[in-house]
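*Asks:*
There are 2 protein chains.
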Amino acid sequence: MELLITYDVDTTTPQGRRRLRRVAKICEGYGIRVQKSVFEVVCSEADWLLLHHRLLDAIDSEHDSIRSYPLPRGTFSAAHHLGHSPSAGHDEPLIY
Amino acid sequence: MELLITYDVDTTTPQGRRRLRRVAKICEGYGIRVQKSVFEVVCSEADWLLLHHRLLDAIDSEHDSIRSYPLPRGTFSAAHHLGHSPSAGHDEPLIY
Chain A
63 MELLITYDVD TTTPQGRRRL RRVAKICEGY GIRVQKSVFE VVCSEADWLL
113 LHHRLLDAID SEHDSIRSYP LPRGTFSAAH HLGHSPSAGH DEPLIY
Chain B
63 MELLITYDVD TTTPQGRRRL RRVAKICEGY GIRVQKSVFE VVCSEADWLL
113 LHHRLLDAID SEHDSIRSYP LPRGTFSAAH HLGHSPSAGH DEPLIY
């Protein structure tokens, strides 16, 4: 499944900035960062449940917000991009 | 159509902060802000083209990034939310 993850983490405190780094690190383990607070994830349903569990454990529910949109296959390649682009797509080869 | 708009605008300069305000203001005219830099938009295809045109005009393409995901109807109501929620959904009544 394709999953778009967006988050707002309150960074007005050192604890908040730690939570932000933790959320980003968790998401990096599952998908591609396309903007500062937006990740595109291609994963199984089991991974999706685990990812949600880990994110819920990482945030402060009173101050932070995470949204995840389950999407039909192919949505990422249909996305439109304006301006500078930070990353390669999921289906593009990585050349070292 | 449903459209998810996410953006990263470089706010390290006063010009960037102005662009950020302008991008947010444009998006506010079309949809609901669900996070600081994420809008859910329900619009016609004509509105979608106009919105893209206005956003492209508002950003600095070398420093800013906007992504828009065209989504099947019903995707917004299937989204999962963790933590605090800033707004009502598109189909919920507004009570004054």
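Read top to bottom, the protein sequences are chains A and B.
Using my numbering, read the first sequence as starting at 63 and increasing by one per residue.
Using my numbering, read the second sequence as starting at 63 and increasing by one per residue.
Even for Gly, the Cβ is constructed at its ideal location relative to N, Cα and C.
#1: Which residues in the same chain as S106(B) place their Cβ atom closer than 8 Å to its Cβ, once the five residues preceding and following it in sequence are excluded?
#2: Measuring CB atoms only, is the segment 63-74 of chain B touching the segment 109-128 of chain A, in the sense that at least three cross pairs come out at less than 8 Å?
#3: Under 8 Å by Cβ, that's how I've got Y92(A) and L111(A) pegged, so tell me the actual separation to the nearest angstrom.
#4: At the 8 Å Cβ level, is I88(A) part of the contact set with chain B, yes or no?
#5: With H, G and I counted as helix, E and B as strand and the rest as coil, what does DSSP make of H142(A)?
#6: Output the boundary residues of the alpha helix (DSSP H) element that contains V71(A).
#7: Under 8 Å, Cβ to Cβ, is there at least one residue of chain A near R135(B)?
#8: On the CB-based measure, 16 or more other CB atoms within 10 Å of its CB, does Q97(B) come out buried or exposed?
#9: Since I94(A) is in the beta strand (DSSP E), which residue starts that stretch and which ends it?
#10: Verify the CB distance criterion: does I121(B) have a CB-CB separation below 8 Å to chain A?
#11: Alpha carbon to alpha carbon, how far is Y158(A) from V104(A)?
#12: What's the C-alpha gap between T89(B) and I88(A)?
#13: E64(B) bridges to which residues according to DSSP?
#14: Output the boundary residues of the alpha helix (DSSP H) element that contains I159(B).
*Replies:* Reading from the atomic positions:
#1: M63
#2: no
#3: Their Cβ separation, rounded to whole angstroms, is 12 Å, which puts Y92(A) and L111(A) out of contact at 8 Å.
#4: no
#5: strand
#6: Premise fails: V71(A) is in no alpha helix (DSSP H) and is neither H nor E.
#7: So no, R135(B) is outside the interface.
#8: Note on Q97(B): 16 or more other CB atoms within 10 angstroms of its CB, so buried under the neighbour-count rule.
#9: 93-97
#10: Yes, its Cβ sits closer than 8 Å to a Cβ of chain A.
#11: Low confidence applies here, because Y158(A) scores a pLDDT of 45, under 50, leaving its location unreliable and the question unanswered by this model.
#12: Checking the sequence, you will find Cys at residue 89(B) rather than Thr. The alpha-carbon of C89(B) is positioned some 29 Å away from that of I88(A).
#13: V104(B), L133(B)
#14: Past the edges of chain B, shown from 63 to 158, lies residue 159(B), and the structure says nothing about it.
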